[in-house]
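For reference, the structure is listed below as structure tokens.
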Amino acid sequence: MPEPLISICIPAYRRVAYLERLLHSIARQDHAPFEVVLTDDSPDDSVRELAGRFQDKLPLRYIKNPVALGTPENWNEGIRQARGTWIKVMHDDDWFATDTALGVFGRAIVAHPEATFFFSAYQNVYEENGVIEPIWLGPAGRRRLERSPWYLLGANYIGNPSCTLFRKQEGLLFDPAFKWVVDFEFYIRYLDAFPRYRYLDEVLVNVGINATQVTNYTFGVTTVQVPENHLLLEKNGREHLKNLVVYDYFWRLYRNLGIRETADIATAGYTAPLPQALPSMIRWQSRIPRAVLRFGPASKTLMFLHYLTHL
1 MPEPLISICI PAYRRVAYLE RLLHSIARQD HAPFEVVLTD DSPDDSVREL
51 AGRFQDKLPL RYIKNPVALG TPENWNEGIR QARGTWIKVM HDDDWFATDT
101 ALGVFGRAIV AHPEATFFFS AYQNVYEENG VIEPIWLGPA GRRRLERSPW
151 YLLGANYIGN PSCTLFRKQE GLLFDPAFKW VVDFEFYIRY LDAFPRYRYL
201 DEVLVNVGIN ATQVTNYTFG VTTVQVPENH LLLEKNGREH LKNLVVYDYF
251 WRLYRNLGIR ETADIATAGY TAPLPQALPS MIRWQSRIPR AVLRFGPASK
301 TLMFLHYLTH L
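Using UniProt numbering, the letters of the sequence shown correspond one by one to residues 1 to 311.
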């Protein structure tokens, strides 16, 4: 068997109906050589049994984690086990949108040898009602990403990891300290280190939207979002607060979570010292009526005034 160019890394935990749909979509792909690396956190044999049924259809390696690794360490285990030069993480509830999708990624590698990171358009598929929502990267998003990957704080223009393909880099993995911001925190670190990327303007991935996803049970949870976002800034550099997009992100974080006192940050679980501008930002917001903060143009103007006078 030739060495794979692309390793499709699937972190699994039960949910075999979703996983089977994904494996069928991979089996239909027209691109080779690739491998499938299936790392299993399940407490039972359901994923192992499904993997066995695909052994004659796919170049598949099944790896049972002796102890459940959780998100995102199970993603990282697939990357560590990968033999390919390129990594294609696929969540088990996502699947390829066309039979040629992997080939499009593969041909992009050849066409753009300078690039180390690719991502494509995708479509959200809502399980509850069957609604399909295509997501494209518009001109404004392209301009912002070209300026800095930190614009991903304002909006995740890339999508979830299933929408990406990246060259394997020694030691560059998803950070297990994060759940809510884990994907775009990785993108920021990756693109800061290796800024050559390409966007593929074609829907190549279906992203399943369902109630079991980590982002659904961490959305709006203060004890998740407050520690993670402050840790993201601390680990990657406080100087990024000088970026107006990053500044606005923290302004909106405090507003949306109702942070009105600096002590609320510690109560939410983040106890490290804060950059000087952030306690001041909280004090400013505490003196502004909530109705004014909720009015977008007024909130944006006040944020900008604070930025001008405190940085």
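Here a beta-carbon is modelled for each residue, glycine too, at the ideal position from N, C-alpha and C.
Residue i (DSSP reduced to helix, strand or coil)
i, result
"P161", "helix"
"Y126", "strand"
"L204", "strand"
"F96", "strand"
"T116", "coil"
"D192", "helix"
"E239", "helix"
"N216", "The predicted position of N216 is uncertain, since its pLDDT is 49 and thus under 50; no value can be drawn from it."
"V36", "strand"
"Y199", "strand"
"Y18", "helix"
"F186", "helix"
"R167", "strand"
"I10", "strand"
"I288", "coil"
"A68", "coil"
"A155", "coil"
Expected contact under 8 Å - CB spacing of residue i and residue j to nearest Å
i, j, result
"D183", "N206", "That pair is no contact at about 17 Å."
"D40", "I63", "7 Å"
"I79", "F119", "Incorrect: roughly 17 Å between the Cβ atoms, too far for contact."
"R260", "S286", "4 Å"
"V36", "L58", "5 Å"
"L233", "L241", "7 Å"
"M90", "S42", "That pair is no contact at about 17 Å."
"P176", "P72", "6 Å"
Cβ-based neighbour list, residue i, same chain, cut-off 7 Å, excluding 5 preceding and 5 following
i, result
"R107", "none"
"E133", "Q123 and N124"
"R48", "D40, Y62 and K64"
"A268", "T222, T223, V226 and P227"
"L60", "V36, L38, A51 and F54"
"residue 315", "Because the chain in this structure spans residues 1 to 311, residue 315 falls outside the shown range and cannot be described."
"L278", "F250"
"H310", "A277 and S280"
Other residues of its chain near residue i: CB distance less than 6 Å, five sequence neighbours each side excluded
i, result
"R196", "E114, A115 and T116"
"Q225", "W180"
"F166", "I87 and F117"
"residue 313", "The requested residue 313 is not part of the displayed model; the chain covers only 1 to 311."
"A101", "L204"
"N216", "Note that N216 has pLDDT 49, beneath the 50 cutoff, so the model's placement of it is unreliable and the number below is only indicative. Excluding residues within five positions, none has a Cβ falling inside 6 Å."
"G70", "none"
"L293", "R255 and S299"
The beta strand (DSSP E) enclosing residue i, as first and last residue numbers
i, result
"K88", "W86 to V89"
"P134", "I132 to I135"
"P297", "From DSSP, P297 is part of no beta strand (DSSP E) but of the alpha helix (DSSP H) over G296 to H310."
Residue environment, residue i, which counts as buried when at least 16 other CB atoms sit within 10 Å
i, result
"E146", "exposed"
"F34", "buried"
"N210", "exposed"
"E239", "exposed"
"W75", "buried"
"D201", "exposed"
"D56", "exposed"
"D45", "exposed"
"E77", "buried"
"residue 313", "Past the boundaries of the shown model lies residue 313; the chain is included only from 1 to 311, so the question cannot be answered."
"Y13", "buried"
"Y190", "buried"
"L152", "buried"
"I10", "buried"
"P149", "buried"
"F105", "buried"
First through last residue of the alpha helix (DSSP H) which encompasses residue i
i, result
"S148", "Here S148 belongs to no alpha helix (DSSP H), and DSSP marks it neither H nor E."
"T223", "T222 to N236"
"F250", "L244 to L257"
"T271", "Where T271 is concerned, there is no enclosing alpha helix (DSSP H), given that its DSSP letter is neither H nor E."
"R61", "It is not in any alpha helix (DSSP H) - R61 instead sits in the beta strand (DSSP E) that spans L60 to K64."
"N76", "E73 to Q81"
"E49", "S46 to R53"
"V110", "A101 to A111"
"A211", "Taken as a continuous stretch (DSSP letters only), A211 belongs to no alpha helix (DSSP H), as it is neither H nor E."
Close-in-space but distant-in-sequence residues of the same chain around residue i (CB under 8 Å, 5 per side omitted)
i, result
"Y270", "V226, P227, H230 and L231"
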